[in-house]
Amino acid sequence: MASQPMNSSMPPNDTYGGDEIQAIILDAGYSSVRAGFAGEDTPKSFFSSSYGVTGNRTIFSDEDIHNPLLPELEIRNPMSKEGIVEDWDAATQLWEHAITSRLIRTKQGDPRKNGLNDVGGKDGVDVDMDAPDEEEKPLEEHPLLITETAWNTSKNREKAIEIAMENWGVPAFWLARNSVMASFAAGKATALVIDLGASTASVICIHDGLILKKSVQKSPLAGNWVSSQIRSLFGSVDPKVEVTPHFMISSKTPVDAGAPAQATYQKFENKITDSFRASEEERVLTEFKESVVQVYPGPGRLHYPHPVNGILNLENVKMSPGRVFEFPDGSNQMWGVDRMRIVEGLFDEKYALPTSEPPITKAQTIPEMVRASVSAVDVDLRPALLANIVVTGGTTLLQGFTDRLNWEISSLFPSARIKITAAGLTSERRFGSWVGGSILGSLGTFHQMWISRKEYEEFGASVVEKRCK
Amino acid sequence: MTSHDVRDMLDLPQEGAARPIKKQKVAAPRPVLKGLAREVQNLSGDNPIAIVPEGSIFKKRRFASRKPAAKWELRPFRNSARSDDSLILRHWRRLDEKRKLPPQPAGENRDSATQTMEGVVGGEEQMEDSGFAKFNVQVELFDYSPEEYESRLRSEDWTKDETDYLMKMVSQFDLRWPIIWDRYEYEPPIPEQAPSEADGNARAIIVAPKTRSMEDLKARYYAVTATMMVIRKPPIKMNSAEFSLHEVMLNFNPEQEKARKIFAENSFLRTKEEAREEESLLLELKRINARSERFSDERRELYARLDAPSSSSHTNNFTSSVGLGQLLQQLMSMDKSKKQRKSIMGGEGISPAGPSGPTQQNPDHRRESSARESISGPSAPNNKKGPPNPAERRQLSKEEEEMYGVSRHERIGTSGPAFRQEKIFKPLLAKSMNQQKIINNVLTELEIPPRLIMPTADVGESYDGLLTSINNLLDCRKVADKLTAEINIARAQKAERERLARESENAGEGGDVGAGAETVVGTGGKGNSGAPGSVNGTTTTTTTGPGPTNSEPRNEEKAGSPTASVKGVAHKRSASVMSAVSDKSAKRQKK
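Residue numbers (full-length UniProt numbering), protein chains in the order written: chain A, 1 to 469; chain B, 1 to 591.
Take a look at the structure:
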């Protein structure tokens, strides 16, 4: 054993300051729940935030919530439109499912008794007969770090620690802001985080790992809003595009572009609920977003003349080839400049497509949020923030988004140096706040921060307000 | 069977000479082809069979040298940086012999589960501390007691409660001012009402929460901390770091900070157009500056050209052939330099980097030297070795001087640095050599060394006094000398006059009168140049008497009577003596 190289005996904690304690990171958003062990680079457990209710059964499986054959399957989401938990019962079950199903499935029994190590007839040396607690809690060995939004209510925060401590029995707990985590994932302690998730877009300034509360800006211009824009576009084009989800299609035959679909539809004996259909339609729209929708990358805005040659940008785009998208029913169509008009409202409220919801305001657009956020912090900090802009969230993966953002911000602050940091890997962009939590949870210096069970018992749930700033 | 045999069978020619070479060739691969029958090998003849030898190039199987796997344990540890000691976290660590052996008998080593359990139990007594606890550093803050607050820290703008709140925020956020300012939400406590005025009117007073700027917070914190630093440790006892910190805190000026931030904000919020405009204005300014510089350069150039070739020297210089030759040279050299100048101006003021040689200088310098030539004649600048390049010693601008800490002092101004001691010799050095000698003589007489041994302020002062009195003494002596000399002259004149009177009484002849008159004229001439007025007056009075009778006797004298001439010589001598005396006095007066 002495011949073993020395470097394997100790993790090199002097170089990156890591010290693993098997902490679990839980990052729950409006569209998905991410959970995994600290120190890993992607979450091992990735679930949709939606859950199904059929009769009085609740379903938390990624497969089952897309099953149309389940009778009267309602799809629900425990999160509010602002990305904070509304339905704590469902959220607790959902999160517990996300953790126990993939990470620590069931608490493994004592290896001397669970039968896995039985070799022949020789069993059980001298087993100490401490009968394990019957009501053993799932997370007793793992510190838990949960992320939250910057606008989380203090009631919600206290509820989170209560659940972690009481229901799951964690030895230590921490609540971290997801924007701070995203900036940690980009390796920055001071950053301007632009986060476009499913339900909410936010712009938040972070200084030394703490959010500046005055700078918090949020708006609904995120993934779900883009979906509503797509629906609005589908309703306005001629002929109208009906989104038919995959589960409705029994078979289809290829048709020419623009031709009506020729497909046979599935018949269901059970009733298909609206929420189920909406959730399935959303999947089609997501596909459309991923493959067609594009942000006009600048320079200039889509509906304005090009700053150099003076031709309307819209006309320029019309000359470039469009993209074809085939819907589940086989109908397909070329999407030209419309694919850019869908998301122009993110930057320019005047050209947002009309929807049933109230029209968006100028203050809700991304550039205005950046402006408001930056002007709410001390002037000495601004250059550092603008030089460290972190872009995170799944909606920022829209093609051309970062280029356009760069153009918008540099025209907002022409005298500042602007640098946008956007992770190249799709997973790092989508799970930015989880990755940051994973980094934080594996740091040796973070051990002193955890709220321990004893502290919770001593001060109650309000300790979270005092500690997690 | 060898190839030789085969050749033999087939009647091929035997190449005796080639054989040994072939044998050698075959000899090389032979040792490689082990295990091959000699006959088979020989069949190949001249071309050896290409057989790749099988070698064991792979490593031996790993399992052959496998040791038992390293054992790891989930070891619990504490973190002493935590405020509570209850949290015990666990991380994986190599199980080392020391820790493993004592609690467990060797036979149970295989069972890793027991080991872990034992490790947990055994570790309780000597649980290790996290290696990261040492990174927990806190900001050092000064606490103040209520009495101290009352006596030293009271402020009109700040209540004690709010100051406490501020200090709490500062320690909570480790002096990160942007965050302190961001999270600062002080709510004044509801004042406890005295029982007498617990009515509605007192309740109506609501203290509006003040919005504090970051500068306000900083100013208050720095004021409190600076005061507390002094209370805890008087400034004399502080070390330099503490003292400078104290100074910085004392000198914090919130107004200046605010002004700076407003300025920074304005420049930050410039729009693109403004930024562009500013840039273009700056460019314009630069261009205007460059143009005016060029213009003034050209003007200077023009003035230099308009200068007369020689303004100071007189035309007399050019009467000789040497002078004319010089003039020609001068004109030629000026012409040359003008030509060069023209070429430089043609190059749009770009400094001539290309041409080299002793005559090549900076345009500025050349212009300067040519101007000098035109005034002072050909001073042969070509022979000058390495003229000081103005670019080498750059003039620092005012900001740069400030930046590099350059300061100028009046007392070192022109002559450069000097010993202060030299100051004391200054009055001495101002005198002439003669006087220096005299003063030194006096000093040696007084047994005072010329260089002070211990030049304290007192000594220097008295030394100064001594020097002044010596000087005074010398001046007195000078005056006395002068007076004595004048008295002597007057005496000599008087004696002369008396002698003349006596002689004229004795002789009473015209020739004598003539001779006397001549002497007087001589004296008068000399006297005019320098003798004192009183002496002059006396001479004139003497002249007036015999004056009218002058012309005739002189002619007679020229005719030459021997007696008169002899007497004249005697007179002349006396006159020369007198003139010598008056010369001296004149010199003295000049001095």
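Backbone N, C-alpha and C define an ideal beta-carbon position, used for all residues, glycine too.
Determine, for Q138 of chain B, whether the minimum Cβ-Cβ distance to residues of chain A falls below 9 Å. no
Is there contact here, the segment 382–395 of chain A with the segment 414–425 of chain A, by at least three beta-carbon pairs under 8 Å? Judged by Cβ distances under 8 Å, the segment 382–395 of chain A makes contact with the segment 414–425 of chain A, as three or more pairs qualify.
Boundaries (first-last residue) of the beta strand (DSSP E) holding K252 of chain A: Start and end: 249–253.
Please determine whether the Cβ atom of L175 of chain A lies at a distance below 8 Å from any heavy atom of the ligand FMN. The ligand FMN is not part of this structure, which contains no ligands at all.
Going by CA-CA distance only, name the one from B:N488, B:R300, B:E293, B:D182 that's closest to V377 of chain A. Among B:N488, B:R300, B:E293, B:D182, the Cα nearest to that of V377 of chain A belongs to B:D182.
When the Cα atoms are used, what is the spatial distance from K460 of chain A to I161 of chain A? Contrary to the premise, residue 460 of chain A reads as Gly rather than Lys in this sequence. If I take the Cα positions, the gap works out to 9 Å.
Report, in whole angstroms, the separation of the C-beta atoms of A301 of chain A and N313 of chain A, which I expect to be a contact under 8 Å. It is worth fixing the name first, because residue 301 of chain A is Arg in this sequence and not Ala. The Cβ separation is near 7 Å, so the contact holds.
Using alpha carbons as the reference points, say which of A:H142, A:W174, A:N167 lies closest to R157 of chain A. A:W174
Which word fits C476 of chain B, buried or exposed, when buried means at least 16 other C-beta atoms lie within 10 angstroms of its C-beta? Exposed, by the Cβ-count rule.
Buried/exposed call for D62 of chain A, threshold 16 Cβ in 10 Å: exposed
Closest Cβ-Cβ distance between I179 of chain B and chain A: below 9 Å? yes
What runs of the alpha helix (DSSP H), each 4 residues or longer, lie entirely inside the segment 258–301 of chain A? 274–291
Is DSSP giving R305 of chain B helix, strand or coil here? helix
Simplified DSSP assignment, three categories, for R467 of chain A: helix
Endpoints, alpha helix (DSSP H) assigned at M334 of chain A: Note, M334 of chain A: premise wrong, no alpha helix (DSSP H); beta strand (DSSP E) at 332–335.
For a test of the three-state rule: what should DSSP assign to V33 of chain A, helix, strand or coil? strand
On the three-state DSSP scale, how would you describe A172 of chain A? strand
Would you mind working out which of B:I231, B:R90, B:K258, B:T456 sits nearest F142 of chain B, comparing C-alpha positions? Taking the Cα of F142 of chain B as reference, the smallest distance to any Cα among B:I231, B:R90, B:K258, B:T456 is reached at B:I231.
Nearest to P239 of chain A by CA position, among A:V343, A:A172, A:G432, A:A259, is which residue? A:A259
Please state whether DSSP places E54 of chain B in a helix, a strand or coil. In the displayed model, E54 of chain B falls within coil according to three-state DSSP, outside both helix and strand.
Per DSSP, which one or two residues make a beta bridge with P305 of chain A? A:L312
Tell me the rounded alpha-carbon separation between S219 of chain A and K469 of chain A. 23 Å
Say whether chain B places a C-beta atom closer than 9 Å to the C-beta of P305 of chain A. no
Quick check on the DSSP output: what are the complete alpha helix (DSSP H) runs of length 4 or more inside the segment 412–463 of chain A, in order along the chain? 426–430, 432–441, 453–459
Report the residues of the segment 432–445 of chain A with a CB closer than 7 Å to any CB of chain B, ordered along the chain. G444, T445
Cβ of L381 of chain A less than 9 Å from any chain B Cβ? L381 of chain A counts as touching chain B.
Segments assigned alpha helix (DSSP H), at least 4 residues, entirely inside the segment 448–516 of chain B: 457–506
Is the shortest distance between the beta-carbon of P138 of chain A and the beta-carbons of chain B less than 9 Å? no
Considering only the beta carbon of each residue, do N178 of chain A and D338 of chain A sit closer than 9 Å? no
Starting from D195 of chain A and walking both ways along the beta strand (DSSP E), at which residues does that stretch end? 191–196
So what does DSSP say about A275 of chain B, is it helix, strand or coil? Three-state result, A275 of chain B: helix.
When Cβ atoms are compared, which residues of the segment 206–217 of chain A fall closer than 8 Å to chain B? H207, D208, L210, L212, K213, K214, S215
Any idea which residues DSSP pairs S45 of chain A with across the strands? DSSP, once it has assigned bridges, lists A:A35 as partnering S45 of chain A.
Cut-off 8 Å between Cβ atoms - residues of its own chain near residue 616 of chain B, not counting five sequence neighbours on either side: Because chain B in this structure spans residues 1 to 591, residue 616 of chain B falls outside the shown range and cannot be described.
May I have the straight-line CA-CA distance separating V442 of chain B from K494 of chain B, to the nearest angstrom? In a straight line, the C-alpha of V442 of chain B is about 37 Å away from that of K494 of chain B.
Measure the alpha-carbon distance for E86 of chain A versus P305 of chain A and round it to whole angstroms. 45 Å
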